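K.L.:
In order, the protein sequence lines correspond to chains A and B. The first sequence begins at 527 in the numbering used here and counts up one residue at a time. The second sequence begins at 7 in the numbering used here and counts up one residue at a time.
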Amino acid sequence: MAKVLFNIWRTTGSGDGEFQEYKTEITEGMVVLDAVHHIQAEHANDLAVRWNCKAGKCGSCSAEINGHPKLMCMTRMSDMPEGKPITIQPLKAFPIIKDLVTDVSINYKIKKKIKKFKPRPPDAADGTWRMAQSDIDRVQEFRKCIECFLCQDVCHVLREHHLHENEKFVGPRHLVYAAALEMHPLDVEDRTGDLKDQHGIGFCNITKCCTTVCPENIVITDNAIIPLKERVADKFYDPLMKLFRIFK
Amino acid sequence: MENFETYRHDVLVIGSGGAGLRAAIEAAAAGVSVAVICRSLLGKAHTVMAEGGVAAALANVDDRDSWKVHFADTMRGGQYLNNWRMAELHAKEAPDRVRELEAWGAVFDRTEDGRILQRNFGGHKYPRLAHVGDRTGLEMIRTLQDHTIHQNVDVYQEYTIVALLNDGNQIVGAFGYDREKGRFKVFKAKAVIIATGGMGRIYKISSNSWDCTGGGISLAYHAGAELIDMEFVQFHPTGMVWPPSVRGLLITEGVRGEGGVLRNNQGRRFMFDDIPELYKGQTSTDEEEGWRYTQGDKNAKRPPELLTRDHVARCITREIKEGRGSPHGGVFLDIAWIKEKISNAPEHIKRKLPSMYHQFKELAGVDITKEPMEVGPTTHYIMGGVRVDADSQMTSVPGLFAAGECAAGLHGANRLGGNSLSDLLVFGQRAGAHAAIYAKENGESKINDSQVEELSRWALDPFERATKGGAENPFQIQTDLQEEMQKLVGIVRIEKELAEAIDKIDGFKERIGRSGCGGNRGYNPGWHTAMELKHMITVAEAITRAAKERKESRGGHFREDFPQKSDELGKVNISISKGAGDKMEIKHLPKAKVREDLQQIIEEMK
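#1: Just checking, does the region 487–500 of chain B make contact with the region 194–210 of chain B on the three C-beta pairs under 8 Å criterion?
#2: What residues from chain A crowd round residue 99(B), counting only those whose CB sits closer than 8 Å?
#3: Give a yes or no on contact between the region 125–132 of chain B and the region 304–314 of chain B, applying the rule of three or more CB pairs nearer than 8 Å.
#4: Going by DSSP, which residues form a beta bridge with residue 180(B)?
#5: Which residue comes first and which comes last in the alpha helix (DSSP H) that contains residue 541(B)?
#6: How would you write the range of the beta strand (DSSP E) that residue 407(B) sits in, first residue to last?
#7: Which chain A residues are close to residue 155(B), counting only those with a beta carbon under 9 Å from its beta carbon?
#8: Would you please verify whether the beta carbon of residue 566(A) is less than 8 Å from any beta carbon of chain B?
#9: Short check: CB of residue 271(B) to CB of residue 349(B), under 8 Å?
#10: Counting only Cβ pairs nearer than 8 Å, list the residues of chain A close to residue 86(B).
#11: Starting from the beta carbon of residue 656(A), find every residue of chain B whose beta carbon is closer than 8 Å, and list them in chain order.
#12: Applying a beta-carbon distance threshold of less than 8 Å, which residues of chain B neighbour residue 586(A)?
#13: Can you tell me where the alpha helix (DSSP H) holding residue 558(B) begins and where it ends?
#14: Which of helix, strand or coil does DSSP assign to residue 532(A)?
#15: According to DSSP, is residue 548(A) helix, strand or coil?
#16: With burial defined as no fewer than 16 other Cβ atoms inside 10 Å of the residue's Cβ, what is the status of residue 528(A): buried or exposed?
#17: Out of 156(B), 109(B), 596(B), which one is the CA nearest neighbour of residue 636(A)?
#18: Quickly, what does DSSP pair residue 584(B) with across the bridge? List them, please.
#19: Going by the DSSP bridge assignment, what does residue 124(B) pair with across the sheet?
#20: Could you say if the region 409–425 of chain B and the region 222–238 of chain B meet the contact criterion of at least three C-beta pairs nearer than 8 Å?
#21: Taking a contact to mean a Cβ-Cβ separation below 8 Å, would you say residue 19(B) touches residue 231(B) in this structure?
#22: Could you give the DSSP three-state label for residue 606(A): helix, strand or coil?
#23: If we ignore side chains and look at the alpha-carbon of each, how far apart do residue 336(B) and residue 423(B) end up?
#24: Considering only residues of the same chain and omitting the five flanking positions on each side of residue 280(B), which have a CB-CB separation below 7 Å?
#25: Residues of chain A with CB closer than 8 Å to the CB of residue 217(B), please, in chain order.
#26: What residues from chain B crowd round residue 553(A), counting only those whose CB sits closer than 8 Å?
#27: Going by DSSP, which residues form a beta bridge with residue 385(B)?
#28: Ordered along the chain, which non-local residues of its own chain (more than five positions away) have a Cβ less than 6 Å from that of residue 7(B)?
#29: Given that a residue counts as buried once 16 or more other Cβ atoms are within 10 Å of its Cβ, and exposed if not, what is residue 690(A)?
#30: Would you say residue 600(A) faces chain B, with C-beta separation under 8 Å as the test?
#31: Would you mind working out which of 89(B), 151(B), 351(B) sits nearest residue 601(B), comparing C-alpha positions?
#32: Given a cut-off of 8 Å, decide if residue 260(B) and residue 58(B) are closer than it, judged by their beta-carbon atoms.
#33: If you follow the alpha helix (DSSP H) that residue 707(A) is in, where does it begin and where does it stop?
#34: Counting only runs of 4+ residues fully inside the region 396–460 of chain B, write out the alpha helix (DSSP H) ranges in chain order.
#35: Within its chain, find whatever has a CB closer than 6 Å to the CB of residue 697(A); leave out the 5 residues flanking it on each side and keep chain order.
#36: For a contact meaning CB atoms closer than 9 Å, what does residue 651(A) contact in chain B?
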């Protein structure tokens, strides 16, 4: 089959970077990560790329392919426009470590600040709980998240305004995480105050870019963020509830 | 000498999959200082890929289940080469370990009455696998990850350990580097737990992650620990076979648990053609009865598709070899057929097997609710590994512990599906607890500076060789090794090819000694691969030598020249340790006699 031209972002000695051209042979069924591996083995042994499972399950190989945030392992070469070079560059919302690898450690710091799971006392004498499947369907949707951070990358509050760096806005991934905890039938912790004051939920203005790029098809904005915004609004901004609370 | 950054911890856990995180949580709970080394980012370890479920006799779906049945199933599946004490502890403790995950926030699928749902799996007599659709591993690792970050555990992400340090008597720490800059690091520790998982990446067709190079098994071996059962590699019967770039990617056994059937190109359900003696009593010979079993009929016997993995993989290999395979060299796995039985089949399949639906749709352009999948065996798991004490998980080296896939004993000659996730939890917990005790009872030992210096020189050799010219490309060596292991030490083995593999391994060692890399020490995959080859070749050699030694067929180990079981070899485990002149020393370890009450359970359930 044909050779395809790739433009891959490489870090240069000075710490900056530039696109470098590579050509490699493409065979049937290949994904972009396969092509990057071929290039690494044939032309550039030191080309840095983060990957683990090559099955869309670990969320390590996030990059921007022709400008779109995607998992390299789940992007088929046959879906790329024919006869045109393919551009691969690192995620823009995070500092570059080298080549296609970015420093995503801020996400781990942010997660730690969200109050952890706190279950109600067990329902049964043997220390177990009872939950109906229908009550956990939504939480299970959120727990499909593979932490690829594509949603963080595409979110303009982070991408353009860098509000994660000073931890003013936790970003869509962590709102999904908070939603999974808040909507967990066993959880008794209250995170609404933190969502408003610490996690910056108000910064999300519902452009839904995060939902578009999620490789797990989690409906991030509609199912996670908006319901959390509603909880915050109910608790802190509902005038009727405010009156009710005063007289209570 | 370069002044290496040195970290001090009571317990050092190498590996951040299920076993490593569970061990770290337990050790931290005991009040000692704990570090976890993640080769990748936290939460990305190979555990994330586990699909079908975690086996535990919760008896939520079938109240006839109990630890005794789970114990007997595990021993039968392992062809009685298992460490019986580990099988006992595992069966008894798995239910508590699973319930504990729920207390930490895991959200398993539910039964009608709101308890944890369990599904059927090969070799398990009753529905036993707690699961979350077909992404159970993700649920487990995320639960453990999110719990760990709120414990007193230091997490080192993207660090790699190159070698363990010992003072001649016991383990004193480890030497490694950070991936970002390639800076060398020394970890001082009173106890070290190896939890590095498997070695699928030494084969060409594998379901395993990038990390699964057998690193921990090799680290332990070079530190003097004994390995056992290395000949027993599990080839999972159902990996993807097309397109080529995803060959080997796992298709969960859950597909068969939900009613999926295997057919050859003549449409025949060939699994009915060969049902092993050990399983005749509990396997159905009737298609209709098999279907009823998968739908929860407690009086039905299970279909032969749910026989143990070693057997199903061999039957598939036979069909392909005898010309009854699918167009791309596999057989057909069909779940779409259940539309004949239930009205909303496509929705049902998507709900029960979402990742499988997604994976085939995205990567192969196949809609599994409409057409059959093409499947073939893929390297999946190693039953062998570091020999450990059943109760404490300590290896033959004082202060060195091992848990999870890299440790051996629980699974014997063949592992049952679902028993690895429970293995991680049960023995991760035990390793953590006992390493903490060991750390409390033993002081810190001195690190030998010259050992560290020698290691750092060794680690930098690949750069030296590249500057001198004529160095070999490490990626090429890796690819060639994977090809040869696949060809010569794969699912069907024979003396001549194993001898050829031993010869080739010597050649590979020589090539590895010439491997070189360009660039600098910052995030350099060529350099990392050059160092990793040492582990890969060590594990490849151990597997090959053990496979050559076991002149019989049992469980995951099939010898074409010795197709029968041997009574004599059924009484021993094959052990490998580092002998004089760096040569592998092979021994036959007589199996320990099973405790009487447990033997009785085995007999009753035969």
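Cβ atoms here follow ideal geometry from the backbone N, Cα and C, with glycine treated the same way. The structure presented is a predicted model; accordingly, all values stated were derived computationally and were not measured.
P.N.:
In brief:
#1: yes
#2: Neighbours of residue 99(B) across chain A, judged by C-beta separation under 8 Å, do not exist; the nearest C-beta is about 15 Å away.
#3: Verdict: yes, contact present.
#4: 170(B), 193(B)
#5: 531–555
#6: Taken as a continuous stretch (DSSP letters only), the beta strand (DSSP E) holding residue 407(B) covers 406–408.
#7: Residues of chain A passing the Cβ test: 634, 637, 638, 642.
#8: yes
#9: no
#10: Within 8 Å Cβ-Cβ: nothing; residue 86(B) doesn't reach chain A, min ~33 Å.
#11: 119, 120, 121
#12: Correct list: 46, 47, 50.
#13: Here residue 558(B) belongs to no alpha helix (DSSP H), and DSSP marks it neither H nor E.
#14: strand
#15: strand
#16: exposed
#17: 156(B)
#18: 590(B)
#19: In the DSSP output, where bridge partners are listed per residue, residue 124(B) has 136(B).
#20: yes
#21: Not in contact: residue 19(B) and residue 231(B) (Cβ atoms no closer than 8 Å).
#22: coil
#23: 21 Å
#24: 321
#25: 578
#26: 250, 251
#27: 212(B), 241(B)
#28: A caution first: residue 7(B) carries a pLDDT of 47, below 50, which makes its placement in the model unreliable, though a value can still be read off. Correct list, in chain order: 459.
#29: buried
#30: yes
#31: 89(B)
#32: yes
#33: 698–708
#34: 425–447
#35: 678, 681, 684, 690
#36: By Cβ distance, chain B contributes nothing, its closest Cβ being about 13 Å from residue 651(A), past 9 Å.
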